[in-house]
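Visitor: Residue numbers (this note's numbering), protein chains in the order written: chain A, 1 to 359; chain B, 1 to 359; chain C, 1 to 266. Can you keep this structure in mind? I'll have questions shortly.
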Amino acid sequence: MQVSYFETARYQVPPTVPAEWPVPPGAYDPETGAKAYQGMVDRVRHVEELGFDWVSLSEHHYSPRILTPNIAVSGSYIAAQSKTIKIAILGPIVSQSNPVQVAEEMAMLDTLSNGRLVFGMLRGTTNEYLTFDLNPAEARERTTEAMELVLKAWTEPQPFGWQGRHFQFRTVSVWPRPLQQPLPPTYSLGTSRESCEFSARHHIGLGVSFAPFEVVAKSTRYYRQECARHGWEPTPEQMLYRANILLAETDEEAHDLLEKQRSGPAAFPMRAGVRDALLKLDQRNVAGEARTPNVGGSLPTSFYGSPDTVVEQIKRCREEVGVGVLDLAFQNPGAPDTGRLMQSLELFAEKVLPRIRDV
Amino acid sequence: MKVSYFETARYRAPRSLPVEWPVPPDAYDREAGTESYRGMIERMQFVEELGFDWISVAEHHYSPNRLTPNPVVSAAHLAAYARKITIAVLGPIVSQSNPVKVAEELAMLDNMLPGRLVVGMLRGITGEYLTYGLNPAEARERTTEAMELVLKAWTEPQPFGWQGRHFQFRTVAVWPRPRQQPHPPTYALGTSRESCEFAARHHLGLGVSYAPFDIIAKATRYYRERCAEHGWQPTPEQIIYRANILIGETDAEAEELRAAQRRARQAFPLSEGVRDALLQLDIRNVAGEARTPNVGGVLPTNFVGAPDTIIEQIKRCREQSGAGVLDLMFQIPGSNDLSFLMRSLELFGKKVLPHIREV
Amino acid sequence: MTQAGEAFREGYVETDGFRIRYMEAGKGPAVVHLHGAGGLRLTRGHDLLSRQFRIIAFEMPGFGTSPENNRTRDLPELAATMAKAVAALGLDQFNLMGTSFGGKTALWLAAQHPEQVRSLVLEAPAAIRPAGSEPPAGSPEEMARRLYAHPERVPPMPPPDPAVREKQARLVARLRGPDRDPELEARLQRLAVPTLVLFGTVDRVIPPNMGHFYKELMPNCNLVFVYDAGHAISTDRPEAFAEVVADFIERREAFVISRTETVIHP
């Protein structure tokens, strides 16, 4: 099993800052922000030393919670300050981006990091539809078309035009190209039927997230079936699972912390009127079965307990879901600083990592 | 006088390349691309040591000639290596970008470079209209609206909506904010009446480029007049002049090199049919006087000669144009010999720089 | 929706010893169309283009209801016949569009008469093919799966006459030439006619990655991918097809310059 550390450029939010997304930017404190990016670099160096395989970043907007609106920029900054760790961009929200620009930025990043890029393409969490005014009804189709255009922009040898449904370009000719050939390790991120089918058709990986094992297992199963239909079989590394983890010295301690977390705030809480409207409009599915979108809610913690317990959970996850990469969001419930986070990372590296290499 | 080194991530093609823009991406050599970014870092460290004040990067696409399709991504990489030099992003092509995204990524960058980011906002050279399909008839208006939205996104304390002519957003709430408050030193780039007026109205700097002193002096004069109308006076540092420089040990050597340069090829040549169509559609002006757009042509070299000659030229430039920052594009005539570039930088750093500080 | 091609009227031209049928509609600059291996089939794409151009879609000798063509020996000869047919209509300058097999024919015609062809549009051209590729054959359902990105969206067509199909298949097999034709490719390197090559991203007859070869060979060529279209682009995505083709015919290589207005509110 390979392990990725999900880094969010933690900004220490003072309690006076409103929780509702979008968060008023007037509350931004430049000193705290500068510390957040410095902390990001420190943690990346630390997990690189601890033996984590990847560090992952994801695109989020309008909130101090995840301070990386353009992850190519933070990825490029990190690439300059790390040596061996893979930089997993999971991922740019392609549905609301200019896909050619995404292809350009990622190719730059792959080159700047000397071929350490791992790349996932994302439809975006429901709240992000508001960021650049993406019509929820078009989100799915735009994501699929954008993913296809990114791949085309990386592989076509000659300048070309793109006569899409949602995107139109008469001149595409990306310089530089990615360093890794033919593509950096690339994933479509999502549990949906469409994600699974796209990945299978294009021989790329699948990234699922946060839902319990039995739910994400539906997706990975469907993905493998689709791959077989297209005449190939994905490796375990081509399936990644992003999940929350709450690691403590003992199960009791972890349990207490989990209770504390349950009473904590959601990541992107929204005003009721907007949330309810989005809930009605956003169509999501797991391998074709409809699911309720998560709008402003909390996400489950899939791994929690002492190192022994977490090792067992990871083994079960591998058996049930088949994934070969875990992308872990280390939880830090109720803590005012990142001290506990650093402890959990070390604990994980010492007591979990060595025991799951052969899982 | 402050001096900026314009860095283009010079790509040294191992085999001869097609000339026409856009350049077919299958001509891209990955080793050469990696080397060009490595060289970018080395040159930055070199000019930082020599005492250059800024290093500048610019947005260009679809060509090995400037390997920086997103200059913020390269700047974030450079930021990790920079110790004291200011990084000038001159500039993102705001007319064809998502201005909110530009505001977000520049704010991220500003937090990575404590107090050492400078920003210019650009309409883009004529050929770049083809990159993402920008209608030439709209380029001017979109630039103005985009610049205004970037500034608003950096300074509005509360989430807001933008009901523009060309851009529309219902939710804008940029996190992080820039570290420099209210925003980094910002320039409108261009000689046009509209650029000058925009910069004067918003108390921004003005960046002009390449044309001879007497032409750019028209723009800077107009800019200062407009500033006076708005009740303020720009400092010399608020006027940047980007220009080509060809420095030799002696005037005779520099003149010989200039002859070699005349035979050199253009940076972004277009096919004739496209060039002619663009020439008809692109409307440009200098402080209100119409000028012919430069489409795929060669740009003049404004500073040529031995160090002493160049010092005199710089003095004259300061007198005529009032620019307090020179952003210099060092020429390597007739070849792609980087050792020549390094020698030029050194010569400039040692023999020119100390003598123009008081200019 | 009306049947595709309803506005087109039938005509015949006698030339080169053949009686050649064509369908015509619209006013404006002339666009001559040469069909694919399956014969002349008017699409929504033709309808849309006929709003702006005079579309003349030929049925080449040996296709459709015309008698079996045992006379034409190769594609250059077929192209020469079609050039005569165009001349017989009194056109000395025209835009030329070719689909698949007709794309290869159109390339030969343009190579023979470059001064007459104002612009050249190639819809999923079959002039450069992967080794060993075969034109689509089989049941109507199998044909539809090869030709269209979404066969279920294409209205059912009357079953083809097996005699016509066999006659056409024999002719195509005889004329289509090698997968890579050095003689044609040598001509293309000198063919300066502004050319637009279109491929659907899910073309299951000729892989869309054949597109770049045209751009590499021809001095004034543009390549455009039509997203989510199969081999029959003008049936799968008629609006997307007609928009880019009309723009190209009107402005040729300058069609890369956007004139899309992005003003939301004045």
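In this text, a Cβ means the ideal position worked out from N, Cα and C, and glycines have one as well.
Cβ of C/Arg118 less than 7 Å from any chain B Cβ?
Guide: In the third sequence, counting from the first residue as 1, residue 118 of chain C sits at position 118. Not closer than 7 Å to any Cβ of chain B, the Cβ of C/Arg118 fails to qualify, so no.
Visitor: Does the beta-carbon distance from C/Val86 to C/Val32 come in below 7 Å?
Guide: Looking up residue 86 of chain C in the third sequence gives position 86. Looking up residue 32 of chain C in the third sequence gives position 32. Yes.
Visitor: What residues are listed by DSSP as bridge partners for B/Gly120?
Guide: Reading the second sequence from its first residue, position 120 is the one you call residue 120 of chain B. BP columns for B/Gly120 point to B/Leu90, B/Tyr187.
Visitor: With three or more beta-carbon pairs closer than 8 Å as the criterion, would you say the stretch 16-26 of chain C touches the stretch 46-58 of chain C?
Guide: Yes, the stretch 16-26 of chain C touches the stretch 46-58 of chain C.
Visitor: Give the range of the alpha helix (DSSP H) segment to which A/Ser4 is assigned.
Guide: Looking up residue 4 of chain A in the first sequence gives position 4. Careful: A/Ser4 lies outside any alpha helix (DSSP H), inside the beta strand (DSSP E) at 2-6.
Visitor: Just grab the DSSP bridge partners of A/Leu90 for me.
Guide: Numbered from 1 along the first sequence, position 90 holds the residue referred to as residue 90 of chain A. A/Leu90 is bridged to A/Gly120.
Visitor: Check the Cβ-Cβ distances between C/Ala240 and every residue of chain A, and say whether any is below 7 Å.
Guide: Translated into positions along the third sequence, residue 240 of chain C becomes position 240. True, the Cβ-Cβ gap to chain A drops below 7 Å.
Visitor: Whose C-beta lies closer than 6 Å to the C-beta of C/Glu123 among residues of the same chain, with five residues either side of it excluded?
Guide: Here residue 123 of chain C refers to the residue found at position 123 of the third sequence. Result list for C/Glu123: Thr99, Leu198, Ile233, in chain order.
Visitor: State yes or no: is the beta carbon of C/Phe225 nearer than 7 Å to at least one beta carbon in chain A?
Guide: Position 225 of the third sequence, counted from the first residue, corresponds to residue 225 of chain C. Output row for C/Phe225: interface = yes.
Visitor: For A/Ala217, does the count of other Cβ atoms within 10 angstroms reach 16, so buried, or fall short, so exposed?
Guide: Looking up residue 217 of chain A in the first sequence gives position 217. Buried is the call here.
Visitor: Can you list, in chain order, the residues of the stretch 249-262 of chain C whose Cβ is nearer than 8 Å to any Cβ on chain B?
Guide: So the list reads Arg251, Arg252, Glu253, Ala254, Val256, Ile257, Ser258, Arg259, Thr260, Glu261, Thr262, given in the order they occur along the chain.
Visitor: So C/Asn95 is in the beta strand (DSSP E); what residue range does that whole segment cover?
Guide: Against the third sequence, residue 95 of chain C aligns to sequence position 95. Looking at the DSSP string, the run of the beta strand (DSSP E) that includes C/Asn95 is 94-99.
Visitor: Which residues, taken in chain order from the stretch 198-222 of chain C, show a beta carbon closer than 8 Å to some beta carbon of chain A?
Guide: Correct list: Leu198, Thr201, Asn209, Gly211, His212, Lys215, Glu216, Asn222.
Visitor: Can you find a CB in chain C that lies within less than 7 Å of the CB of B/His183?
Guide: Taking the second sequence and counting its residues from 1, the one referred to as residue 183 of chain B is at position 183. Chain C, which has no Cβ nearer than 7 Å to the Cβ of B/His183, makes this no.
Visitor: Over the uninterrupted alpha helix (DSSP H) stretch that includes C/Gly211, give me the two end residues.
Guide: In the third sequence, residue 211 of chain C corresponds to position 211, counting from 1. That run of the alpha helix (DSSP H) goes 211-217.
Visitor: If you measure between the beta carbons of A/Met108 and B/Val94, is that distance less than 7 Å?
Guide: Position 108 of the first sequence, counting from 1, holds the residue named residue 108 of chain A. Position 94 of the second sequence, counting from 1, holds the residue named residue 94 of chain B. In this structure, B/Val94 does not lie closer than 7 Å to A/Met108 by Cβ.
Visitor: In whole angstroms, give me the CA-to-CA distance for A/Val100 and B/Pro354.
Guide: For this step, residue 100 of chain A is matched to residue 100 along the first sequence. For this step, residue 354 of chain B is matched to residue 354 along the second sequence. Between A/Val100 and B/Pro354, the C-alpha separation is close to 44 Å.
Visitor: Using a Cβ-Cβ cutoff of less than 6 Å, which residues in the same chain neighbour B/Phe340 once the five nearest sequence positions on both sides are dropped?
Guide: As a first step, residue 340 of chain B is located in the second sequence; it is residue number 340 there, counting from the start. Excluding sequence neighbours, B/Phe340 sits near Ile332.
Visitor: Quick one: any contact between the stretch 220-232 of chain C and the stretch 136-156 of chain A, if contact means 3 or more CB pairs under 8 Å?
Guide: Yes, the stretch 220-232 of chain C is in contact with the stretch 136-156 of chain A.
Visitor: Given that a residue counts as buried once 16 or more other Cβ atoms are within 10 Å of its Cβ, and exposed if not, what is A/Pro69?
Guide: Here residue 69 of chain A refers to the residue found at position 69 of the first sequence. Counting Cβ neighbours within 10 Å, A/Pro69 comes out buried, since at least 16 surround it.
Visitor: Using a Cβ cut-off of 8 Å, pull out every chain B residue sitting near C/Pro266, in sequence order please.
Guide: Locating residue 266 of chain C in the third sequence gives position 266, counting from the first residue. By Cβ distance, chain B contributes Arg165.
Visitor: Give every residue of the same chain whose Cβ lies closer than 7 Å to the Cβ of B/His203, excluding the five residues on either side of it in the sequence, and list them in chain order.
Guide: Along the second sequence, read from residue 1 onward, the residue named residue 203 of chain B stands at position 203. Closer than 7 Å at the Cβ level, and outside the excluded window around B/His203, lie Trp232.
Visitor: Mapping the DSSP letters down to three states, classify B/Asn302 as helix, strand or coil.
Guide: For this step, residue 302 of chain B is matched to residue 302 along the second sequence. Strand.
Visitor: Going by the beta-carbon positions, is the gap between B/Pro22 and A/Thr111 smaller than 7 Å?
Guide: Within the second sequence, the letter at position 22 stands for residue 22 of chain B. Within the first sequence, the letter at position 111 stands for residue 111 of chain A. No, these two residues do not count as a Cβ contact at 7 Å.
Visitor: So if DSSP puts A/Gln81 in a beta bridge, which residue, or which two residues, is it bridged to?
Guide: Here residue 81 of chain A refers to the residue found at position 81 when the first sequence is read from its first residue. BP columns for A/Gln81 are empty, so no partner.
Visitor: In the structure shown, what three-state DSSP assignment does B/Ile247 receive?
Guide: Within the second sequence, the letter at position 247 stands for residue 247 of chain B. DSSP places B/Ile247 in strand when its eight states are reduced to three.
Visitor: Find the nearest neighbour of A/Leu90 within the set A/Tyr129, A/Ala36, A/Leu328, A/Pro333, judged by alpha-carbon distance.
Guide: Walking along the first sequence from the start, residue 90 of chain A turns up at place 90. Among A/Tyr129, A/Ala36, A/Leu328, A/Pro333, the Cα nearest to that of A/Leu90 is on A/Leu328.
Visitor: Jot down the residue ranges of each uninterrupted beta strand (DSSP E) in the stretch 291-351 of chain A, minimum 3 residues, whole runs only, in chain order.
Guide: Runs of the beta strand (DSSP E) inside the stretch 291-351 of chain A: 301-305, 325-330.
Visitor: With a threshold of 7 Å between beta-carbons, can A/Gln96 be considered close to chain C, or not?
Guide: Counting from one through the first sequence, the residue named residue 96 of chain A turns up at place 96. No, no contact with chain C.
Visitor: Which residues, in order along the stretch 125-139 of chain A, keep a beta-carbon less than 9 Å from a beta-carbon of chain B?
Guide: Here the close residues are Leu130, Thr131, Phe132, Asp133.
Visitor: Do we get a CB-CB distance below 7 Å when we pair C/Val164 with the residues of chain A?
Guide: In the third sequence, residue 164 of chain C corresponds to position 164, counting from 1. By this cut-off, C/Val164 is not an interface position.
Visitor: B/Ala79 versus chain A: which residues are under 7 Å apart at the beta carbon?
Guide: Mapped onto the second sequence, residue 79 of chain B falls at position 79. Residues of chain A passing the Cβ test: Tyr77.
Visitor: What are the residues of the stretch 41-75 of chain C that lie near chain A, defined by any Cβ-Cβ distance shorter than 7 Å?
Guide: Hits within the stretch: zero.
Visitor: Do A/Tyr62 and the ligand SAM come close, with the Cβ less than 6 Å from some heavy atom?
Guide: Among the components modelled here there is no ligand, and therefore nothing to report on the ligand SAM.
Visitor: Just to check my reading of the structure: C/Asp179 and C/Arg146 have Cβ atoms closer than 8 Å, yes? What is that Cβ distance to the nearest angstrom?
Guide: Counting from 1 along the third sequence, the entry for residue 179 of chain C is found at position 179. Counting from 1 along the third sequence, the entry for residue 146 of chain C is found at position 146. C/Asp179 to C/Arg146, Cβ: 17 Å. No contact.
Visitor: Can you give the Cα-Cα distance for C/Ala173 and B/Thr8, rounded to whole angstroms?
Guide: The count along the third sequence starts at 1 and reaches residue 173 of chain C at position 173. The count along the second sequence starts at 1 and reaches residue 8 of chain B at position 8. Cα-Cα distance, rounded: 54 Å.
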